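Novice: After the structure tokens below, expect a handful of questions from me.
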Amino acid sequence: MGKVFVIVEQKNGALRKATYEVLGAGRQFADQLGAEFAAVIAGQNVGGLVDEVASYGPDKIFVADDEKLANYTTGAYSDVIGKILLKEQPDYVLLSHTAVGKDLAPRLAQKLEAGLASDCTAAVVEAGELVLTKPIYAGKAFATVKSGGGTMLATFRPNALGSFTPAGSKNPEVVQVPVEIDPEALRVLIREIVEKATGRVELTEAEIIISGGRGMKGPENFAMLEEIADILGAAVGASRAAVDSGWREHSDQVGQTGKTVSPILYIAVGISGAIQHLAGMGSSKVIVAINKAPEANIFKVADFGIVGDLFQVLPVLKEELQKVVGK
Amino acid sequence: MNIVVLIKQTFDTEAKIQLTGDGKVSDQGVNLIINPYDEFAVEEAIRIKEAKGGEVTIVSMGGDKAQEAIRQALAMGADKAVLISDPALAEVDHYVAAKVLAKALEGMEYDLILTGWVAIDDQSAQVPGRLAEILGLPQANVVTKLELEDGKAVCHREGDGAVEVLEVPLPAVITAQKGLNEPRYPSLKGIMQAKKKELKKVTLQDLGLSAEEAKAKIVGYQLPEARQAGKVVEGEPADTVRQLVEFLTKEAKVI
Ligand SMILES: Cc1cc2nc3c(=O)[nH]c(=O)nc-3n(C[C@H](O)[C@H](O)[C@H](O)COP(=O)(O)OP(=O)(O)OC[C@H]3O[C@@H](n4cnc5c(N)ncnc54)[C@H](O)[C@@H]3O)c2cc1C
Ligand SMILES: Cc1cc2nc3c(=O)[nH]c(=O)nc-3n(C[C@H](O)[C@H](O)[C@H](O)COP(=O)(O)OP(=O)(O)OC[C@H]3O[C@@H](n4cnc5c(N)ncnc54)[C@H](O)[C@@H]3O)c2cc1C
Numbered sequence: 000m001g002k003v004f005v006i007v008e009q010k011n012g013a014l015r016k017a018t019y020e021v022l023g024a025g026r027q028f029a030d031q032l033g034a035e036f037a038a039v040i041a042g043q044n045v046g047g048l049v050d051e052v053a054s055y056g057p058d059k060i061f062v063a064d065d066e067k068l069a070n071y072t073t074g075a076y077s078d079v080i081g082k083i084l085l086k087e088q089p090d091y092v093l094l095s096h097t098a099v100g101k102d103l104a105p106r107l108a109q110k111l112e113a114g115l116a117s118d119c120t121a122a123v124v125e126a127g128e129l130v131l132t133k134p135i136y137a138g139k140a141f142a143t144v145k146s147g148g149g150t151m152l153a154t155f156r157p158n159a160l161g162s163f164t165p166a167g168s169k170n171p172e173v174v175q176v177p178v179e180i181d182p183e184a185l186r187v188l189i190r191e192i193v194e195k196a197t198g199r200v201e202l203t204e205a206e207i208i209i210s211g212g213r214g215m216k217g218p219e220n221f222a223m224l225e226e227i228a229d230i231l232g233a234a235v236g237a238s239r240a241a242v243d244s245g246w247r248e249h250s251d252q253v254g255q256t257g258k259t260v261s262p263i264l265y266i267a268v269g270i271s272g273a274i275q276h277l278a279g280m281g282s283s284k285v286i287v288a289i290n291k292a293p294e295a296n297i298f299k300v301a302d303f304g305i306v307g308d309l310f311q312v313l314p315v316l317k318e319e320l321q322k323v324v325g326k
Numbered sequence: 000m001n002i003v004v005l006i007k008q009t010f011d012t013e014a015k016i017q018l019t020g021d022g023k024v025s026d027q028g029v030n031l032i033i034n035p036y037d038e039f040a041v042e043e044a045i046r047i048k049e050a051k052g053g054e055v056t057i058v059s060m061g062g063d064k065a066q067e068a069i070r071q072a073l074a075m076g077a078d079k080a081v082l083i084s085d086p087a088l089a090e091v092d093h094y095v096a097a098k099v100l101a102k103a104l105e106g107m108e109y110d111l112i113l114t115g116w117v118a119i120d121d122q123s124a125q126v127p128g129r130l131a132e133i134l135g136l137p138q139a140n141v142v143t144k145l146e147l148e149d150g151k152a153v154c155h156r157e158g159d160g161a162v163e164v165l166e167v168p169l170p171a172v173i174t175a176q177k178g179l180n181e182p183r184y185p186s187l188k189g190i191m192q193a194k195k196k197e198l199k200k201v202t203l204q205d206l207g208l209s210a211e212e213a214k215a216k217i218v219g220y221q222l223p224e225a226r227q228a229g230k231v232v233e234g235e236p237a238d239t240v241r242q243l244v245e246f247l248t249k250e251a252k253v254i
């Protein structure tokens, strides 16, 4: 019987949102492949997550709990999870394409001498195999990727697989894994973790994003976007022009040399729609544009566009959304 | 301080992607550039060399055209370069790519390996992590600030919603993210000097390797369906916004 493994991602004792998707999809793929489905949880004091993970229907849960896993480090996590995978030899290992997943997956893949398709936006089971789709050239094309024979890993872009309701617990076997970390794997020290205190959802995981560009005219005007973001529970992004002007941090940049996002709703405000910007948000489900220039390129991809001065449109939009969302 | 920088030549960000008759990605008429993130890596290496001395070696795997990208890095101020070029490398996955690069680094002396965090064409962000694993080196990925203290690098790594400040003992693999620095333009003098700098071409055989099976296979390429332009409205904000909110709540049903 084959095996599908999902590497669960948690932070400070809570599951990352992107993990739910991969867990939901993992159960589905395992059923279609006739495979066993297992989840791996690594961290410190993560026992409390077992029930929640179990609700997604894994047959087995591996738990690695240790103080050395309190914060994510490449070395410790790849050592501990790598040992589990080397022993279990799964057919597929699925992760989220988050900061952690991007960092961890290549090292795991190399430990297993396995293939890895990263940043996948879709997957289907065909003829007993998982067939993965990943964007290349910033979404200007897609490659279809399969395993060359052995274990295959895949990381999935958050929001790409869609949402899954928990399949229900199958009362999985819970395996406590003894944690013995190779000292070599503990060479990197975390001096400090500086959390961004925006209180808003992380850009790559957000279901709604409102981004501003050069048309915002200055950093102070982003407050208008932040207010709307707070009404919608959205994240605030920016074009490179806004970032290069020093109005927003680089970590807010959406595009080919910034974040790739695929929210359900993307609202571009005062952004012209350059090819490099579209590369980062072109896979959004619904795109809305607010721009004063009717010829702006962004209108070519927008599902709904308002031609108008953003300084007049945004205050009205804020008011109307407040009415609808009722906050 | 000796530094190896890995660079990959990629399509220009403006490039339109087309498929060839047999369904592969066509490079006809496409401008080639250094992967933008690799430029940050090259710049950082040169700045460290300027501050602390040592040598910067560029290593790239690619076709003959990759020499242009390498010459650019040399013109910026790198000292010498190795190009791994072999017809057998036309069809490699990341597993093979990392193995070949690791082999090419064998026998080189380095305190630091700098790379881009991702190549903008295949956008996989795999090669550096795999390479670090093969070489048994620690890594710091997606780094926006790098400072050297004795025997270690202090790196600011971009996490999701947080910045991690890491102490990484050298040698290590460190991957560059935008924000690390502003890459310089090569000077005319730099461009002239680059022509005389050593650029060694090696084949798989030179490295003592033979072609290896890929662990992941690309079985096809597709172009995305073009997005259709939707409705565009113009007029009084009170009216246009009302239409937008109606679209979002009733038609698209996204809020
Ligand atoms: C290698 C490379 C990588 C790049 N990577 C990225 C990337 O990752 N992300 C990215 O975004 N860009 C990237 N770019 C830059 C990209 O080419 C564009 O320059 C950039 O996206 C433009 O940003 P913008 O739309 O905010 O500014 P502009 O193009 O200047 O557009 C501003 C828009 O605001 C509108 N506007 C102005 N005032 C108002 C108003 N009062 N009300 C309403 N609308 C108004 C204007 O009509 C205009 O359309 C990259 C470029 C290169 C070469
Ligand atoms: C499943 C799969 C199969 C593939 N098969 C083919 C194929 O049949 N034919 C084909 O032409 N390509 C193929 N590729 C692409 C090829 O594997 C990649 O071009 C190469 O491995 C680099 O990966 P990347 O561009 O994703 O780099 P990333 O891992 O995103 O690159 C990160 C960094 O690593 C360094 N780096 C990456 N590649 C190189 C390099 N070549 N030289 C020096 N430094 C480098 C750079 O510093 C770069 O910034 C395949 C890719 C996948 C996903």
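Quick mapping for you: the protein sequence lines, in order, are chains A and B.
In terms of numbering that gives the first Met the number 0, the first sequence has 215 at position 216, counting the first letter as 1, and numbering is strictly consecutive.
In terms of numbering that gives the first Met the number 0, the second sequence has 246 at position 247, counting the first letter as 1, and numbering is strictly consecutive.
Every residue gets a Cβ at the ideal spot worked out from N, C-alpha and C, and that includes glycine.
It should be emphasised that the depicted structure is a prediction, and the values quoted were computed from it without experimental measurement.
Mind pulling the chain A residues with CB within less than 8 angstroms of L222/B?
Specialist: Start at 1 with the first residue of the second sequence, and residue 222/B comes out as number 223. Correct list: K139, A140, F141.
Novice: Can you grab the Cα-Cα spacing for the pair Q123/B / L32/A, in whole Å?
Specialist: One-based indexing of the second sequence puts residue 123/B at position 124. One-based indexing of the first sequence puts residue 32/A at position 33. Gln is not the amino acid found at residue 123/B; the sequence shown has Ser there. Cα to Cα, S123/B sits roughly 26 angstroms from L32/A.
Novice: Specify whether the segment 36–47 of chain B and the segment 164–177 of chain A touch according to this definition: at least 3 beta carbon pairs, one from each stretch, less than 8 angstroms apart.
Specialist: Short answer: they don't touch.
Novice: Looking only at DSSP bridge pairs, what is H155/B linked to?
Specialist: Working through the second sequence from its first residue, we reach residue 155/B at position 156. DSSP lists K144/B, V164/B as partners of H155/B.
Novice: With distance defined between alpha-carbon atoms, name the residue in I60/A, A13/A, V306/A nearest to K291/A.
Specialist: Residue numbering aside, residue 291/A sits at position 292 when the first sequence is read from its first letter. With distances taken between Cα atoms, K291/A lies closest to V306/A.
Novice: I'd like to know if S25/B contacts chain A, where contact means its C-beta is closer than 8 angstroms to some C-beta of that chain.
Specialist: Along the second sequence, read from residue 1 onward, the residue named residue 25/B stands at position 26. No - not a single Cβ of chain A is within 8 angstroms of the one on S25/B.
Novice: So, is the C-beta of Q311/A closer than 8 angstroms to a C-beta in chain B?
Specialist: As a first step, residue 311/A must be located in the first sequence, where it is residue number 312. So, interface residue.
Novice: What residue range is occupied by the uninterrupted beta strand (DSSP E) comprising R26/A?
Specialist: Taking the first sequence and counting its residues from 1, the one referred to as residue 26/A is at position 27. First-last for R26/A: 16–32, but that is the alpha helix (DSSP H), not the beta strand (DSSP E).
Novice: Under the criterion of a Cβ to heavy atom distance below 7 angstroms, does V315/A qualify as lining ligand 1?
Specialist: Reading the first sequence from its first residue, position 316 is the one you call residue 315/A. No.
Novice: Are there 16 or more other CB atoms within 10 angstroms of the CB of T164/A, so buried, or fewer, so exposed?
Specialist: Position 165 of the first sequence holds residue 164/A. Counting Cβ neighbours within 10 Å, T164/A comes out exposed, since fewer than 16 surround it.
Novice: Please list, in chain order, all residues of the same chain as Q242/B whose beta carbon is under 6 angstroms from its beta carbon, the five residues on each side excluded.
Specialist: Here residue 242/B is taken as the residue at index 243 of the second sequence, counted from 1. Cβ neighbours of Q242/B beyond the five flanking positions: V232.
Novice: Quick one: residues in its chain with C-beta nearer than 7 angstroms to the C-beta of V141/B, no 5 flanking neighbours on either side, listed in chain order?
Specialist: Stepping through the second sequence from its first residue, residue 141/B is reached at position 142. If we look at V141/B and ignore the five residues flanking it on each side, its Cβ neighbours are W116, R156, E157, T174, Q176.
Novice: Beta carbon of T256/A: closer than 7 angstroms to some heavy atom of ligand 3?
Specialist: This structure lacks ligand 3; the ligands present are ligand 1 and ligand 2.
Novice: Using a beta-carbon distance cut-off of less than 9 angstroms, what residues from the segment 284–307 of chain A approach chain B?
Specialist: Against chain B - using a Cβ distance shorter than 9 angstroms - the residues of the segment 284–307 of chain A are K284, V285, I286, V287, A288, I289, P293, F298, K299, V300, A301, D302, F303, G304, I305, V306, G307.
Novice: Note down, in chain order, each residue of its chain lying with its Cβ closer than 6 angstroms to the Cβ of A267/A, except the 5 sequence neighbours on either side.
Specialist: Counting from 1 along the first sequence, the entry for residue 267/A is found at position 268. Contacts found: S210, A288, I297.
Novice: Check whether chain B comes within 8 angstroms of Y136/A, counting only Cβ atoms and requiring the distance to be less than that.
Specialist: As a first step, residue 136/A is located in the first sequence; it is residue number 137 there, counting from the start. With 8 angstroms as the cut-off, Y136/A counts as an interface residue toward chain B.
Novice: For the beta strand (DSSP E) holding G212/A, just list the boundary residues, first then last.
Specialist: Translated into the one-based positions of the first sequence, residue 212/A becomes position 213. Unbroken run through G212/A: none, as it is neither H nor E.
Novice: Could you pull the DSSP bridge partners for P134/A from this structure?
Specialist: If you number the first sequence from 1, residue 134/A lands on position 135. Looking at the DSSP assignment, P134/A forms a beta bridge with F141/A.
Novice: Which chain A residues sit within Cβ distance under 7 angstroms of Q8/B?
Specialist: Here residue 8/B refers to the residue found at position 9 when the second sequence is read from its first residue. Per Cβ cutoff of 7 angstroms: no residues; Q8/B is ~14 angstroms from chain A at best.
Novice: Can you give the beta carbon distance from V201/B to A103/B, rounded, assuming they're within the 8 angstroms contact cut?
Specialist: Translated into the one-based positions of the second sequence, residue 201/B becomes position 202. Translated into the one-based positions of the second sequence, residue 103/B becomes position 104. Yes, V201/B and A103/B are in contact; Cβ-Cβ is about 7 angstroms, under 8 angstroms.
Novice: Checking 8 angstroms against the spacing of the C-beta atoms, do P168/B and K144/B come in under that value?
Specialist: Sequence index remark: in the second sequence, residue 168/B carries index 169 (1-based). Sequence index remark: in the second sequence, residue 144/B carries index 145 (1-based). No, Cβ-Cβ distance for P168/B and K144/B is not below 8 angstroms.
Novice: Which residues in the same chain as A153/A place their Cβ atom closer than 6 angstroms to its Cβ, once the five residues preceding and following it in sequence are excluded?
Specialist: Within the first sequence, numbered from 1, the residue matching residue 153/A stands at position 154. For A153/A, where only same-chain residues beyond five positions count, the Cβ hits under 6 angstroms are L93, A116, C119, L131.
Novice: If you draw a straight line from the C-alpha of R129/B to the C-alpha of F155/A, how long is it?
Specialist: Numbered from its first residue, the second sequence carries residue 129/B at position 130. Numbered from its first residue, the first sequence carries residue 155/A at position 156. Straight-line Cα distance between these residues: approximately 19 angstroms.
Novice: Mind reading off the beta-carbon distance from V62/A to L22/A? Whole number of angstroms is fine, and I expect it under 8 angstroms.
Specialist: On the first sequence, residue 62/A is found 63 positions in, with the first residue counted as 1. On the first sequence, residue 22/A is found 23 positions in, with the first residue counted as 1. That pair is no contact at about 15 angstroms.
Novice: Taking G22/B as the reference, which of E250/B, Q221/B, K230/B has the closest Cα?
Specialist: Here residue 22/B is taken as the residue at index 23 of the second sequence, counted from 1. Among E250/B, Q221/B, K230/B, the Cα nearest to that of G22/B is on Q221/B.
Novice: My understanding is that K258/A touches L202/A, with C-beta atoms under 8 angstroms, so please give their C-beta distance in whole angstroms.
Specialist: Taking the first sequence and counting its residues from 1, the one referred to as residue 258/A is at position 259. Taking the first sequence and counting its residues from 1, the one referred to as residue 202/A is at position 203. Contact holds; Cβ gap of about 5 angstroms.
Novice: What whole-angstrom Cβ distance do N97/A and D159/B have, given they're in contact under 8 angstroms?
Specialist: In the first sequence, counting from the first residue as 1, residue 97/A sits at position 98. In the second sequence, counting from the first residue as 1, residue 159/B sits at position 160. Here residue 97/A is Thr; the residue named in the question, Asn, does not match the sequence. Their Cβ separation, rounded to whole angstroms, is 5 angstroms, which keeps T97/A and D159/B in contact under 8 angstroms.
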